[in-house]
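First residue of the sequence shown? That's 11 in my numbering, and the numbers climb one at a time after it.
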Amino acid sequence: ITKTYHDIEAVTHLLEEKERDLELAARIGQSLLKQNKALTERNKLLDEQLEITREEIAQLRHELSMRDDLLHFYASTEDIEHASETLLIQKDSSSSLSNCVNYDFLHQKLKGLEEENFKLRTEANELTFETNSYEEQEQRLMMVCVDELSTANKQVVSLSEALARKMEDSLRQQEEISALPGQIVDLEQRCKGLSTENEELTQHLNASRECQSQLKTELKELQERYSECEDMLHEAREDIKNLRNKSLPNCTVQRYSTLAAAVPMDSLAAEIEGTFRKGLDSPAPTEYKLTDFFFAVYSNPS
């Protein structure tokens with residue numbers, strides 16, 4: 011029963027570990043989902059930033075194109091004015107001075123437009139470089155997001171499979187735990203039956219020991235009585251022999267001796283019974299008493 015209780019504690023401890031593993035797997039899955047969501051939001055934000063950057067680049071290119079057109083227009087206007095100025099110099103000096111002022115103004119404006127155009131081209135190149143950098147960075151981020159998403163999906167699948175296996179193990183262990191009380195009841199009943207049987211066997215063993223001790227005591231008493239009877243038998247034989255020698259003729263003594271020699275006495279009972287049955291026709295009163303005594307001892311040894 012103690013072993014069964016230890017098994018139940020071990021199964022309970024194992025179930026607790028399984029539950030902790032399931033909770034850990036659930037937390038890892040939630041963390042991966044949050045990370046995946048964050049990466050998706052970051053990717054979306056980068057897409058929006060890239061779209062805004064592209065719109066800005068398109069707008070700057072449009073402005074640059076317009077300024078190029080304006081620059082070409084001013085350049086063509088300058089050529090026309092330069093030709094007109096050559097002709098007007100020959101006609102009128104005052105008109106030439108006015109055209110010179112206009113030329114300086116237009117030249118300064120053209121120079122400013124060229125500088126601005128150079129700045130715009132530089133900014134356009136920088137924006138193009140930044141756009142390419144953003145596109146490369148976006149591509150790398152997309153690859154990283156795809157890899158992380160694939161890894162997260164694999165981990166989610168693996169955790170789902172592990173969770174399913176642990177759920178199956180948990181159900182199986184719960185079934186085993188449900189079956190354990192019945193087994194415990196059976197074991198308790200069996201233990202109770204064995205305890206009862208053990209008590210009965212112990213009682214039988216004690217009774218057998220008591221009986222054995224009693225038999226040993228009785229055997230010892232019988233041995234002592236046997237020894238006493240044997241001594242008394244020898245004494246009785248001597249007394250009978252002496253009495254016969256005194257009271258009976260020689261022929262009777264010889265007949266008794268011949269009969270005694272023909273029938274040997276192998277045991278105490280045989281000697282007593284033979285002496286009692288093969289007595290003479292007229293034994294002495296003392297002989298009758300001794301024979302009756304030995305026969306009574308033989309008949310009732312206890």
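Glycine included, each C-beta is placed from N, C-alpha and C at the ideal position.
task: My understanding is that I67 touches L137, with C-beta atoms under 8 Å, so please give their C-beta distance in whole angstroms.
output: 5 Å
query: Taking Cβ positions, are R77 and L130 nearer each other than 8 Å?
result: yes
message: Nearest by alpha-carbon distance to V166: which of A20, P191, N46, E29 is it?
response: N46
Same chain, Cβ closer than 7 Å to A35, five either side skipped, listed in chain order: L169, A172, L173
message: Are the CB atoms of L60 and E148 within a distance shorter than 8 Å?
response: yes
Rounded C-alpha distance that separates E228 from A246: 26 Å
message: So, for Q264: in the same chain, excluding its five sequence neighbours on each side, which residues have a beta-carbon less than 6 Å away from its beta-carbon?
response: At Q264, the pLDDT of 49 sits below 50, so the modelled position is not reliable; the number obtained from the coordinates is stated separately. So the list is empty, once near-sequence residues are dropped.
message: Our contact map puts S180 next to K28 with C-beta atoms below 8 Å; I'd like the distance itself, whole angstroms only.
response: 6 Å
task: Compute the distance between the beta-carbons of L70 and N127, then report whether it is under 8 Å.
output: no
query: Using a threshold of 7 Å, is the CB atom of S218 nearer than that to any non-hydrogen atom of the ligand NAP?
result: As for the ligand NAP, it is missing from this structure, which has no ligand bound.
- request: Look at the Cβ atom of E158, then the Cβ atom of L49, and state whether they are nearer than 8 Å.
  value: yes
- prompt: How many Å lie between L232 and D249 at the Cα?
  reply: 25 Å
- request: Output yes or no for whether 8 Å exceeds the beta carbon distance between E186 and V21.
  value: yes
field: Counted within 10 angstroms of its Cβ, other Cβ atoms place C201 as buried (16 or more) or exposed
entry: exposed
message: What does the Cβ neighbour count give for A272, buried or exposed, with the cut at 16 atoms within 10 Å?
response: Note on A272: pLDDT 43, under 50, position unreliable in the model; no value is reported.
query: Taking the alpha-carbon positions, what's the T262 to Y236 distance?
result: Confidence is the limiting factor: at T262 the pLDDT is only 49, short of 50, which leaves the residue's position unreliable, though a coordinate-based value still follows. Approximately 31 Å, taken between the alpha carbons.
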